[in-house]
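Protein chains in written order, with our numbering: chain A, 1 to 759; chain B, 1 to 156; chain C, 1 to 244.
By construction, the Cβ of each residue, glycine as well, lies at the ideal position given by its N, Cα and C atoms.
Computed from a prediction, not measured in an experiment: that's the story for all the values here.
Only one structure is covered here, and it is reproduced in the block below.
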């Protein structure tokens, strides 16, 4: 292969290193209005009075909106396909607020300072209602956070259950009763945040034809278009969504967070409008990872093979339910598609609380699955007296295996049958074992203040949502044998523009520099569900491959016509006839535009798959626990991933290298505490600690040699898989270091110290 | 308030309100490489060079730049040529979303101008005020070491 | 935009600065890294005193003598590794260290500043308003403009507890041990820094009183209970060789 598997320089790299104005806010809009949102200071209340007269009277304030300005229409902000799998429980502005941060009103003014001042002049009287801050109390609270009237898709309004799922194959209870060994544990994962450095930002304006243009930092331009059309009650035809370069998303921008707000301002005033969240707003009024409380039970027989896996999930959705069902579905599906067991069962409830809203965060339920699963597997291995790597290798799904849970549990819908076509998890574990010095470190006997430990964890993910995620591509040829590639697929810094260009280039036998990529503009590019569920390489990439093949076939047809032969083939960038005549790509196109057999050489294709081949990862973490203070430092992380054929090694490495500190943060450093009134306390990067350059452990990143037959050139996904295993690898390492099992993240130094001293 | 300073090599006259920060001002004159990430000096996406030193523009009030030399990433390349750090970043794959990249390039350029030995500790220290959520800092550090150690050789 | 700022005044002397500072809507401005981050909307006037401050640093027999206008980054040229580490821990961002002044750091009185805890343990003396009198940092009531700082020579040991090197510490313990005296200083995510100075060897009552004070400055929070933090202080002091 000429360009697949090569470190091709990013097609947009030059603009990024030069600091070119390519991000959403890097434009000047004439007469723009600055929009700010008034957030609720209380966690649950009815607005009994809202008086905006003083705010409206402030000089420079152009418009103030409250719930009275909108006809109630329930929707969801989740960037998902239609019909959205979750509750429609949100109004653009509501007369009830349900968490500290909920929207109360929004203001459009001539400057940000004026808008901020106007917020203070809005007089609101709240009738406070009882609150739920503990997901374990939601179902029995005795009052409902949401109304029955108007909302749809809520599983059980009265009991605050936004979403529910359950599934069973075989008979888990009997199997567990009959198992030689049963292990059980209850675990929890916390609130954490995506923390992309570019905040949420959206700009809207009316173009010369009175269409609403939305220029926004989003992962889901087509969902933005559809949902904004619905909420603002204008035709989809009247909206154009443009996604410029994005400063990170990680799922946080798989959400229609504020686009409908600025859209409403532009439609009312006729003026461009801009809204940008402050860092503080990001940390309490955006989206978070759904915390989950999970109980796992694992049954083993005498041969240490799993007989049964049972899991019970309590998911904290926060005040509203975007992604409620689907995140929990992914937790269930991934937890049950790693290891073979003849009996499997899951029961999950996603409940409402008066806390920030769960959204989409890289991994999307899988980190919440693998922290408990890999912790319990570790415990089981120890109690069974088996090497933890051997126990895993014994029980993982093998190539050719049917993965039964996939059929019953899709993402919010029934799934599709799944057969494992590729897995190199064994190779990942074996390579990681060597690179991490596992055998030596595991056996180490420790004394002294600092104790080192090593831990391992494995994980899977998916490559797109089977039967749901669809992507499309247009490709057209130019006179110099360059090609315009237009894709709906969304590059959020992941490098997808480049990877897709590589795929097109490989098919067409041209250099990557001949592919000009334009992406994510709902007027100019075909549909794509967007950048989530690790769908871009696998789904959008295959659409590109098919479109490029169609285009290539047309080049051949044109070439034959121009040479007036029936028998010819493509050799590099020429069409060569059997009789030796040849014509170059460039000549073909030049003639096809201007002189003979005129036609635009092009190709279009869509792709949908009923397969979602899992990438796999094995992560080894070496930690150092300070037995004097209870704090833990990560020394080294070895991460080996099976993502099928790697399209661009440096880009794939980059994905892993960025995912690791996100997972370490969830385990050790990122805290989102809240007070007794539901107010979140860590509202800046000073208190919400993400890893800095100096904090980073040593990282060793490798990819197993692998080939997925259903993927473009053998590729699977790589974007989310590396975020799942580091956290359990760290807690397993803590156990190895000091003999303490951590079941709740983030690790609390006080608890760890107490348990160390308790020995 | 009128302030005069050198901006990217040229004399510049600004007229700004007393409470305006350099970040806002520079973006208002379309020097968009200077980014808004947190406005509190914690993320470093607004890092610029002031008299060869890396400073957060969001913490810099306009009156303090009177008579000083301000440089942003825009000045480090032309349509024909890239700065060695920018080439290095491209080559290493060190920019993913690219939002923190100009800030990092500026911090590293400041490090280079100090003229001291450049090792991994010095590079990580120079980048410690530039938060990145995409890269885990690995490739930016590799790129910086590759370029700045080379530069030292060339300069001496 | 710090929208409340109406004017910036450059006082011609410290006396003038002190008079102007009496207005609660004005505040002193040196490096600016703290005040510009906060953007307190009650402030309308900034008193820029940068031109009145010195950024000199001299390492003399009795310790370091610094102008309060010296930046934290400039201070790193000292050969004192413990002090350098404390500076970097209190401000992990080099870009902010390039801007933040020693005087500003002291005036901010941040209990989780490793540098400030170090300075407390070192028995640091402050010159105020460019006059001849020096006052002990431990006893400084917070008024006046710090113009010079004297960090006496001494062997300081300092330890911190945090979830990351770059994260603010939730417990910091520092100790100066000399043949004549012992100074202990404790800070972190606490209401203030508490210090204790005793002659060597320390009296039991003094230490007990100090540890009671230590317990009172910490509260229960997501990083741990106040009892845990007190235990950390004990553990850390024990580690740096003093038993409490």
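How would you label residue i, buried or exposed, when you count the other beta carbons within 10 angstroms and need 16 or more for buried?
i	result
residue 518 of chain A	exposed
residue 237 of chain C	buried
residue 219 of chain C	exposed
residue 176 of chain C	buried
residue 2 of chain C	buried
residue 83 of chain A	exposed
residue 23 of chain C	exposed
residue 13 of chain B	exposed
residue 156 of chain B	Its pLDDT being 42, under 50, residue 156 of chain B is placed unreliably by the model, and the measurement read from it follows with that caveat. It is exposed - the Cβ of residue 156 of chain B has fewer than 16 other Cβ atoms within 10 Å.
residue 166 of chain C	buried
residue 208 of chain C	exposed
residue 666 of chain A	buried
residue 477 of chain A	buried
residue 236 of chain A	exposed
residue 200 of chain A	buried
residue 3 of chain A	buried
residue 322 of chain A	buried
residue 19 of chain C	exposed
Note the first and the last residue of the continuous alpha helix (DSSP H) segment covering residue i.
i	result
residue 658 of chain A	649-664
residue 742 of chain A	No alpha helix (DSSP H) contains residue 742 of chain A, which DSSP labels as neither H nor E.
residue 550 of chain A	541-563
residue 36 of chain B	Looking at the DSSP string, residue 36 of chain B is not in any alpha helix (DSSP H), and its letter there is neither H nor E.
residue 102 of chain B	101-114
residue 483 of chain A	Where residue 483 of chain A is concerned, there is no enclosing alpha helix (DSSP H), although the beta strand (DSSP E) it sits in stretches over 483-487.
residue 54 of chain A	53-57
Could you name the residues of chain C that residue i contacts, counting a contact when the two beta carbons are closer than 8 Å?
i	result
residue 128 of chain B	92, 93, 94, 166
Bridge partners for residue i per DSSP, in chain order?
i	result
residue 45 of chain A	A:97, A:128
residue 245 of chain C	With chain C represented from 1 up to 244, any question about residue 245 of chain C goes unanswered, as that position is not in the structure.
residue 5 of chain A	None, per the DSSP bridge assignment.
residue 177 of chain C	C:182
residue 674 of chain A	A:680
Which residues bound the beta strand (DSSP E) around residue i?
i	result
residue 158 of chain C	156-161
residue 699 of chain A	698-703
residue 211 of chain C	Note, residue 211 of chain C: premise wrong, no beta strand (DSSP E); alpha helix (DSSP H) at 204-217.
residue 125 of chain C	125-128
residue 577 of chain A	574-577
residue 569 of chain A	568-571
residue 34 of chain A	33-39
residue 128 of chain B	Here residue 128 of chain B belongs to no beta strand (DSSP E), and DSSP marks it neither H nor E.
residue 4 of chain B	2-7
residue 749 of chain A	Residue 749 of chain A -> not in any beta strand (DSSP E); alpha helix (DSSP H) instead, spanning 749-758.
residue 348 of chain A	343-352
residue 147 of chain C	146-152
residue 516 of chain A	515-519
Identify the contact partners of residue i in chain A, using a Cβ-Cβ distance below 8 Å as the criterion.
i	result
residue 105 of chain B	17, 19
residue 95 of chain B	10, 13, 16, 17
Taking residue i as the query, report the chain A residues whose CB atoms sit under 9 Å from its CB, ordered along the chain.
i	result
residue 72 of chain B	19
Applying a beta-carbon distance threshold of less than 7 Å, which residues of chain B neighbour residue i?
i	result
residue 692 of chain A	128, 131
For residue i, go through chain B and note every residue whose CB falls closer than 9 Å to its CB, in chain order.
i	result
residue 502 of chain A	Ordered by position in chain B, no residue passes the 9 Å Cβ test against residue 502 of chain A, which lies about 13 Å from the chain.
Please list, in chain order, the chain B residues whose beta carbon lies closer than 8 Å to that of residue i.
i	result
residue 32 of chain C	59, 60, 61, 64
Can you list, in chain order, the stretches of the beta strand (DSSP E) that have 3 or more residues and sit fully within the region 60-118 of chain C?
63-67
Enumerated in chain order, which unbroken segments of the beta strand (DSSP E) with a length of 3 residues or greater are wholly contained in the region 417-474 of chain A?
450-460
Uninterrupted beta strand (DSSP E) stretches inside the region 196-260 of chain A (no shorter than 3 residues)
201-206, 212-216, 239-242
Could you give the uninterrupted runs of the beta strand (DSSP E) lying entirely in the region 293-331 of chain A, keeping only those of 3 residues or more?
306-318
Would you mind listing the beta strand (DSSP E) stretches within the region 111-189 of chain A that are 3+ residues and don't spill past its ends, in chain order?
123-128, 161-169, 181-189
4-residue-minimum alpha helix (DSSP H) runs that sit fully inside the region 385-417 of chain A, ordered along the chain
388-395, 405-408
Could you pull out every unbroken beta strand (DSSP E) segment of at least 3 residues lying fully inside the region 587-650 of chain A, listed in chain order?
602-608, 616-626, 632-642
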